[in-house]
């Protein structure tokens with residue numbers, strides 16, 4: 004059997020052991036898993052499940068790794084922990100080979116970060132607020148301070164955000180321009196979350212829906228969508 008070559012970092016060193024603390028079908032963990040697949044690093048990471056439905060991400064031992072109590076978290080061999088999907092993706096993209104997800108030129112980097120933030124605020128994060136406030140969310144043991152009115156407002160914001168992104172994709176093939184990037188991954192996370200909370204993307208968002216159909220053909224996305232949700 005031929006062994007897979009050990010990945011080499013951009014500065015010529017071997018990739019050190021990494022752990023990802025996540026929940027395999029969560030929309031935010033999905034973003035990092037897709038980034039890992041795009042960088043051909045999935046096999047070099049140990050995945051440690053943190054059960055969202057049992058509130059394990061809010062327990063003291065996990066909060067010691069990530070004060071915000073959110074998933075995913077990347078832990079390096081020296082104990083350094085990186086939280087937040089954008090930060091983790093920036094690290095992974097710079098770790099191995101040429102950057103393919105976060106931009107090469109100053110302008111590309113700026114546009115990709117701008118569009119990633121917009122994708123989060125206007126779609127993905129808005130759906131998250133809707134889920135945690137206007138639906139049963141993760142259940143009564145986790146959802147202790149819900150505000151239904153705020154959740155419904157954020158649901159409506161997400162729908163407006165879908166229309167905005169549809170307008171973007173009527174002018175260009177990807178969220179941040181002419182190439183697949185971290186911004187596209189953020190919107191894919193939004194689609195995953197929308198499906199989980201049964202929030203349909205408006206049919207009039209034809210460009211956005213056509214883009215997502217194309218995204219589902221990418222091996223990195225197809226691999227993530229094929230994961231069967233664990234019992235909770």
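Numbering (our numbering), first residue to last: 4 to 235. Ideal Cβ placement from N, Cα and C applies to all residues, glycine included. Predicted model only: the values in this text are computed from it and were never measured.
Is the beta carbon of residue i sitting closer than 8 Å to the one on residue j?
i           : j           : result
residue 18  : residue 79  : no
residue 3   : residue 166 : This structure cannot speak to residue 3, because the chain is shown only from 4 to 235.
residue 35  : residue 91  : yes
residue 195 : residue 30  : yes
residue 68  : residue 88  : no
residue 224 : residue 191 : yes
Within 10 angstroms of the Cβ of residue i, are there 16 or more other Cβ atoms? Answer buried if so, exposed if not.
i           : result
residue 3   : No information on residue 3 is available, as it lies outside the stretch 4 to 235 that the chain covers here.
residue 71  : exposed
residue 150 : exposed
residue 25  : buried
residue 42  : buried
residue 5   : Any answer about residue 5 is weak, because its pLDDT of 42 lies below 50 and its placement is not dependable; what the coordinates show is given next. With fewer than 16 other Cβ atoms within 10 Å, it is exposed.
residue 3   : Because the chain is modelled from 4 through 235, residue 3 falls outside the range shown and cannot be assessed.
residue 230 : exposed
residue 163 : exposed
residue 64  : exposed
residue 208 : buried
Tell me where the beta strand (DSSP E) around residue i begins and ends.
i          : result
residue 25 : 21-25
Any idea which residues DSSP pairs residue i with across the strands?
i           : result
residue 52  : 25
residue 84  : 78
residue 177 : 180
How about residue i: is its C-beta nearer than 8 Å to some C-beta of chain C?
i           : result
residue 182 : Going by chain labels, chain C is absent from the structure shown, which holds only one protein chain.
Can you tell me where the alpha helix (DSSP H) holding residue i begins and where it ends?
i           : result
residue 227 : 222-228
residue 260 : Nothing in the structure corresponds to residue 260, since the chain is present only between 4 and 235.
residue 112 : 109-122
residue 31  : 30-41
residue 212 : 209-218
residue 131 : 128-137
Can residue i be considered in contact with the ligand MN, in the sense that its beta carbon sits closer than 7 Å to one or more heavy atoms?
i          : result
residue 65 : With respect to the ligand MN, the structure offers nothing, as it holds no ligand at all.
Open item on the list: Counting beta carbon pairs with one atom in the segment 148-158 and one in the segment 218-233, are three or more of them shorter than 8 Å?
Closed with: Not touching, per the Cβ criterion.
Open item on the list: Within 8 Å, do at least three Cβ pairs link the segment 129-136 to the segment 79-91?
Closed with: These segments do not touch.
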